[in-house]
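Structure first, commentary second.
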Amino acid sequence: MTIFVVIFLLVSCVVLIPIAVLFVQIVAAVIALKKPQHTQTVASSIRPSVAVIVPAHNEALGLGNTLRSILPQLQTQDRLVLVADNCTDDTAAVAREYNVIVLERFHQTQRGKGFALDYGMQYLKDAPPDVVMIIDADCEISQHLIEELAVQCVARQRPIQANYQMRFPTPGGIKQQVMEFAWLVKNTVRPMGYQWFGLPCQLMGTGMAFTWADLSNADLANGHLVEDMKLGLDLASVGRAPYFCDRVSVKSYFPTTAQGIATQRLRWEHGHLGLIAQEFPRYLPKAIQQKNGLLFAQLMDLAVPPLALLLMLTLGLWLIALLLAWLSAIALPLLVMTIALCLLGFGILIAWYWFARSIISLNTLLLAPCVLLMKVPLYLKFIVRRQVDWVRSKRDHD
Numbered sequence: 005m006t007i008f009v010v011i012f013l014l015v016s017c018v019v020l021i022p023i024a025v026l027f028v029q030i031v032a033a034v035i036a037l038k039k040p041q042h043t044q045t046v047a048s049s050i051r052p053s054v055a056v057i058v059p060a061h062n063e064a065l066g067l068g069n070t071l072r073s074i075l076p077q078l079q080t081q082d083r084l085v086l087v088a089d090n091c092t093d094d095t096a097a098v099a100r101e102y103n104v105i106v107l108e109r110f111h112q113t114q115r116g117k118g119f120a121l122d123y124g125m126q127y128l129k130d131a132p133p134d135v136v137m138i139i140d141a142d143c144e145i146s147q148h149l150i151e152e153l154a155v156q157c158v159a160r161q162r163p164i165q166a167n168y169q170m171r172f173p174t175p176g177g178i179k180q181q182v183m184e185f186a187w188l189v190k191n192t193v194r195p196m197g198y199q200w201f202g203l204p205c206q207l208m209g210t211g212m213a214f215t216w217a218d219l220s221n222a223d224l225a226n227g228h229l230v231e232d233m234k235l236g237l238d239l240a241s242v243g244r245a246p247y248f249c250d251r252v253s254v255k256s257y258f259p260t261t262a263q264g265i266a267t268q269r270l271r272w273e274h275g276h277l278g279l280i281a282q283e284f285p286r287y288l289p290k291a292i293q294q295k296n297g298l299l300f301a302q303l304m305d306l307a308v309p310p311l312a313l314l315l316m317l318t319l320g321l322w323l324i325a326l327l328l329a330w331l332s333a334i335a336l337p338l339l340v341m342t343i344a345l346c347l348l349g350f351g352i353l354i355a356w357y358w359f360a361r362s363i364i365s366l367n368t369l370l371l372a373p374c375v376l377l378m379k380v381p382l383y384l385k386f387i388v389r390r391q392v393d394w395v396r397s398k399r400d401h402d
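Numbering (this note's numbering), first residue to last: 5 to 402.
Here it is as structure tokens:
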């Protein structure tokens, strides 16, 4: 075999790994749905004290809904700290109407959610709570979330991540339905599957609970695009891998403006790909050296790229392998990529059938490859001019 064929075969095998991880996660999620494990319910006679940090940047219009969903669940020893970060609207004034602790922060260069969280932690350090929760200013939480996450966090001594659900405010077209489906697979189906094996999840940025000791020792003051996923890896490397709790949820909405969608997608996907490129090679030797199985599993989950990119990459490599087999009669790369394409296709169909039929029809799902063409510029931009600074998504009311 020529050097090109050998290299292409190696690339095909590398691509097969995250596809296999994704397929196993989806199948395990179906098993968990049909035959849920009766995990031991942790109980505590004394509910841990909680401080909820809500980082907010120009969220005045929708902030009230978030605060109204949180406040009834707080007890007398709990606190809600709203960090109005570089706001130019009435976010702080709206928060004060609810008699919560309001911190205002202004800085010309240090912008981003991580800096706001660090500011809130600095405020709490003189009287630290047992548990710190992070809930975004555009989210609403399900009943009993505060108690569930607090008790689980202290009992397990691990970060706890609630089920993070996102939808569009009103039914949309094919692009919106595909986005909702991809989000569901990434943030509900895959964590469910991993949890069935007793494996960790990624931190998702909201609906998260930490012991004070864990979060106070974390490096929060940064403008990383996906600071939540990076934090999850940092904690997993010291034996504090995040635990997925699907019994409670946080809910939010995608932006509906084209600019808002583009900004959000750019931040998430460039941030995720940047983590794969920069942090995966750094943490993998550490996981092997420490014999840290949970960190290794979390890295395998991290290595699964955004669903659209994975499908695009798999289709492209399969076509190249088909051409290679036709020109050279070397079929091994085609066999590997055919296996990869079948696993990915069947995995997507399984996820749709068991979890997403109410979100997207099969006919619409089969048109998803057409949507991929619209995302090519986003991935090309990652190569030529990757976004590295945190930029808030433009809301509909901005």
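Ideal placement from N, C-alpha and C gives every residue a C-beta, glycine not left out.
8 Å contact criterion, which residue i and residue j should meet: CB distance rounded
| i | j | result |
| --- | --- | --- |
| Ala-213 | Val-87 | Incorrect: roughly 17 Å between the Cβ atoms, too far for contact. |
| Leu-376 | Leu-315 | 6 Å |
| Val-56 | Val-85 | 7 Å |
| Tyr-168 | Val-254 | 5 Å |
Coarse secondary structure for residue i, derived from DSSP in three states
| i | result |
| --- | --- |
| Met-316 | helix |
| Cys-405 | Because the chain here runs from 5 to 402, residue 405 falls outside it and cannot be looked at. |
| Tyr-102 | coil |
| Lys-255 | strand |
| Pro-59 | strand |
| Arg-115 | coil |
| Thr-215 | strand |
| Val-230 | coil |
| Glu-144 | strand |
| Phe-110 | coil |
| Ile-334 | coil |
| Phe-300 | helix |
| Leu-367 | Just to set this straight, residue 367 is Asn in the shown sequence, not Leu. In the structure shown, Asn-367 sits in a helix (DSSP, three-state: H, G or I). |
| Val-18 | helix |
| Lys-54 | Note that residue 54 is Val in the sequence shown, not Lys. Strand at Val-54. |
| Val-135 | strand |
| Leu-288 | helix |
6 Å CB neighbourhood of residue i in its chain, flanking five on each side removed
| i | result |
| --- | --- |
| Leu-299 | Ala-240, Ser-241, Ala-291 |
| Phe-12 | Pro-337 |
| Phe-248 | Gln-165, Pro-195, Gln-199, Cys-205 |
Neighbour-count burial assignment, residue i, 16 or more Cβ in a 10 Å radius
| i | result |
| --- | --- |
| Glu-101 | exposed |
| Tyr-123 | buried |
| Leu-195 | Here residue 195 turns out to be Pro, not Leu, going by the sequence shown. Answer is buried; the Cβ neighbour count reaches 16. |
| Val-10 | exposed |
| Trp-330 | exposed |
| Phe-110 | exposed |
| Ile-7 | exposed |
| Leu-121 | buried |
| Leu-103 | Reading the sequence as shown, one finds Asn at residue 103 and not Leu. With fewer than 16 Cβ atoms within 10 Å of its Cβ, Asn-103 is classed as exposed. |
| Arg-72 | exposed |
| Ala-60 | buried |
| Pro-52 | buried |
Sequence-distant residues of its chain with Cβ nearer than 7 Å to residue i (five each side left out)
| i | result |
| --- | --- |
| Val-395 | The predicted position of Val-395 is uncertain, since its pLDDT is 49 and thus under 50; a value taken from the coordinates is nonetheless stated next. These residues qualify, in order along the chain: Thr-267, Arg-271. |
Contacting residues, own chain, Cβ-Cβ under 8 Å from residue i (five flanking each side not counted)
| i | result |
| --- | --- |
| Tyr-127 | Val-85, Ile-105, Leu-107 |
| Ile-150 | Val-54, Val-56, Ile-74, Gln-77, Leu-78, Asp-82, Met-137 |
| Pro-22 | Met-304, Ala-307, Val-308, Pro-309, Leu-314 |
| Ile-364 | Gln-181, Val-182, Glu-184, Phe-185, Trp-356 |
I'd like to know if the region 179–188 and the region 368–376 are in contact, where contact means that at least 3 CB-CB pairs between them fall below 8 Å. yes
Determine contact between the region 18–36 and the region 192–207, defined as no fewer than three beta-carbon pairs at a distance below 8 Å. yes
Check whether the region 261–269 touches the region 150–169, taking contact to mean three or more Cβ pairs, one atom from each stretch, closer than 8 Å. no
Is there contact between the region 279–296 and the region 236–256, where contact requires at least three CB pairs shorter than 8 Å? yes
Does the region 332–348 come close enough to the region 143–159 to have 3 or more Cβ pairs within less than 8 Å? no
Any contact of the region 21–30 with the region 103–121, i.e. 3+ C-beta pairs under 8 Å? no
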